[in-house]
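Start counting at 1 in the sequence shown, then tack on 57, and there's your number in this note's numbering.
Think of the CB as a built atom: it goes at the ideal place given N, C-alpha and C, for glycine as much as any other residue.
Everything on this sheet refers to the single structure shown next.
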Amino acid sequence: MPIRKATAVAHPNIALIKYWGNTDEALRLPASGSISMNLGGMTTRTTVEFSPDFAADSANVDGQDMTGAGLDRVSRHLDYARELAGVKQRARVSSASNFPAGAGIASSASAFAALSLAAVAALNLELSERELSSMARLGSGSASRSVPSGFVEWYGGATHETSFAETFAPAEYWALTDLIAVISREHKRTGSTEGHTLAGSSVLQQARLDTAKERLARCKAAIQHLDFASLAEIVEVDSTIMHAVMMTSVPPLFYWQPETLALMEAVREWRADGIQVLYTIDAGPNVHCICAPGHELVVQERLKSRPNVLEVLKAIPGGPAYVVADE
Ligand code: PMV
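If you want it as structure tokens, here you go:
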């Protein structure tokens, strides 16, 4: 009987060009491509064990047993691996992240990337990085980007096989630092799975999609040329366009809080003073302040001195998701 247990580790990622809206909700095929940076130092570690002794799938995340829709989502993901392997055994999943839940870092990206690698390894399947990225995408779109290393592009794609992410610059290519200003730890009211379904109801989404290719190309070129000024311009506008779509969807989604907006303004002022920092915001109020090498300490100090910033988390470009040997 082969060993049917494996552990994998993955990093969350921050989108520099955002993903918002799908052309196929079930397959999570995005309406446009996106670009991200893995968040090194932040990890989710997941163990999957298949056994004929288990009557049903179970999952424990950060010490809490999952139930209901959350557990169903994990089970469906395991089904994908079980079908590939021709196996019916149920599984026990145990997962822990070293970054705080509800801090505005999408744990579903690292969670589904680590779950994909661990389930595939436990079943002794051989999948390429590209196939693992497509598989992770089925659990959470942004998880496709947590499989490859460093700076990553997710090609939108029109089918399951062609919608995957790959590295275009390694983690060591540019020593950026992401300082995450935590403004609220409240759990978001509308999660991204539901949010994606609303994107098309905004009259701005089509304009966003029509111009997405150009922003993707400019963002990629800015990273390849280590051009921080261009990166700042394109990343900030892309984040704001996504939020404009969110705010004008039916029903509308407002993720910003007053301090979110205040920080956006502060970051632009700091940059005008010569500090190389830019902001980007996901589906929550917290602000990712991305700093060029050598500029992170001054930004950290300024963020920490703001009374409405509860905490500042730090990440540097991270490597790929990987299976932990000998477990
Ligand atoms: O992967 P999801 O379904 O959690 O969607 C992520 C959506 C954003 O974080 C807002 C943008 C992105 O590209 O990561």
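Discussion item. Which of the three DSSP states is assigned to M303 in this structure?
Written reply: As a first step, residue 303 is located in the sequence shown; it is residue number 246 there, counting from the start. Correct three-state label for M303: helix.
Worksheet entry | Cβ pair count under 8 Å reaching 3, the segment 213-225 against the segment 319-327 | no
Discussion item. Please tell me whether, using a cut-off of 8 Å, the distance from the CB of G90 to the nearest non-hydrogen atom of the ligand ATP is below it.
Written reply: The ligand content of the structure shown is limited to the ligand PMV, which means the ligand ATP is not among them.
Worksheet item: Which same chain residues, not among the five before or five after H217, have their C-beta less than 7 Å away from its C-beta?
Response: Locating residue 217 in the sequence shown gives position 160, where the first residue counts as 1. Counting only Cβ-Cβ distances below 7 Å, and skipping sequence neighbours, we find L84, S191.
Worksheet item: For V366, which three-state DSSP category applies?
Response: The residue given as residue 366 occupies position 309 in the sequence shown. Note: V366 maps to coil in three-state DSSP.
Discussion item. Once the 5 residues before and after S241 are set aside, which same chain residues still bring their CB inside 6 Å of it?
Written reply: Taking the sequence shown and counting its residues from 1, one reaches residue 241 at position 184. Closer than 6 Å at Cβ, skipping near neighbours: P342.
Worksheet item: Hey, which unbroken runs of the beta strand (DSSP E) at 3 residues or more fall wholly within the segment 217-249?
Response: 222-226, 234-239
Practice prompt. Give the secondary structure of F107 by DSSP, where H, G and I count as helix, E and B as strand, and everything else as coil.
Written response: Numbered from its first residue, the sequence shown carries residue 107 at position 50. In this structure, F107 counts as strand in the three-state DSSP scheme.
Item to complete: Just confirm the distance between the C-beta atoms of I74 and M94, as a whole number of angstroms; I'd bet it's less than 8 Å.
Response: Working through the sequence shown from its first residue, we reach residue 74 at position 17. Working through the sequence shown from its first residue, we reach residue 94 at position 37. Not really, about 11 Å apart at Cβ, beyond 8 Å.
Practice prompt. Measure the alpha-carbon distance for I298 versus R265 and round it to whole angstroms.
Written response: One-based indexing of the sequence shown puts residue 298 at position 241. One-based indexing of the sequence shown puts residue 265 at position 208. Near 7 Å, if we compare the C-alpha coordinates of R265 and I298.
Worksheet item: Between A110 and the ligand PMV, is the CB less than 8 Å from at least one heavy atom?
Response: Position 53 of the sequence shown holds residue 110. Note that residue 110 is Asp in the sequence shown here, rather than Ala. Not so, every heavy atom of the ligand PMV lies at least 8 Å from the Cβ.
Discussion item. According to DSSP, simplified to helix, strand and coil, what is D119?
Written reply: Within the sequence shown, residue 119 is the residue found at index 62, counting from 1. Residue state, collapsed to three classes: coil.
Fill in: Cβ-Cβ separation, T337 to E293 (assumed contact under 8 Å), whole Å
Within the sequence shown, the letter at position 236 stands for residue 293. Within the sequence shown, the letter at position 280 stands for residue 337. With a Cβ gap of about 7 Å, E293 and T337 count as contacting.
Worksheet entry | Closest Cα partner of L96 within the set D122, A67, L310 | As a working note, residue 96 is residue 39 in the sequence shown. When only C-alpha atoms are compared, the closest one is A67.
Worksheet item: Does DSSP put P315 in a helix, in a strand, or in coil?
Response: Mapped onto the sequence shown, residue 315 falls at position 258. Helix at P315.
Item to complete: Confirm, please, whether the CB-CB distance from M304 to A340 is below 9 Å.
Response: For the purposes of this step, residue 340 is taken as the residue at position 283 of the sequence shown. For the purposes of this step, residue 304 is taken as the residue at position 247 of the sequence shown. No, they are not a contact pair.
Discussion item. Short of 7 Å in beta carbon distance, which residues of its chain neighbour R272, apart from the five on each side in sequence? Order them along the chain.
Written reply: Your numbering for residue 272 matches position 215 in the sequence shown. The residues are I74, I291, D295.
Fill in: DSSP-derived helix/strand/coil call for V66
The residue you call residue 66 lines up with position 9 of the sequence shown. Three-state DSSP puts V66 in a strand.
Discussion item. Going by DSSP, what residue range makes up the beta strand (DSSP E) through E183?
Written reply: Taking the first residue of the sequence shown as 1, we reach residue 183 at position 126. First-last for E183: undefined, no H or E at that position.
Worksheet item: Looking at H217 and the ligand PMV, is the gap between the Cβ and the nearest heavy atom below 8 Å?
Response: The residue you call residue 217 lines up with position 160 of the sequence shown. The answer is no for H217.
Item to complete: Using only alpha-carbon positions, find the residue among A286, S287, L288, V344 that is nearest to Q314.
Response: In the sequence shown, residue 314 corresponds to position 257, counting from 1. Selected option, being the one with the closest Cα: V344.
Worksheet item: Rounded to a whole number of angstroms, what is the C-alpha to C-alpha distance between T254 and A301?
Response: Taking the first residue of the sequence shown as position 1, residue 254 is located at position 197. Taking the first residue of the sequence shown as position 1, residue 301 is located at position 244. If you take the alpha carbons of T254 and A301, they lie about 15 Å apart.
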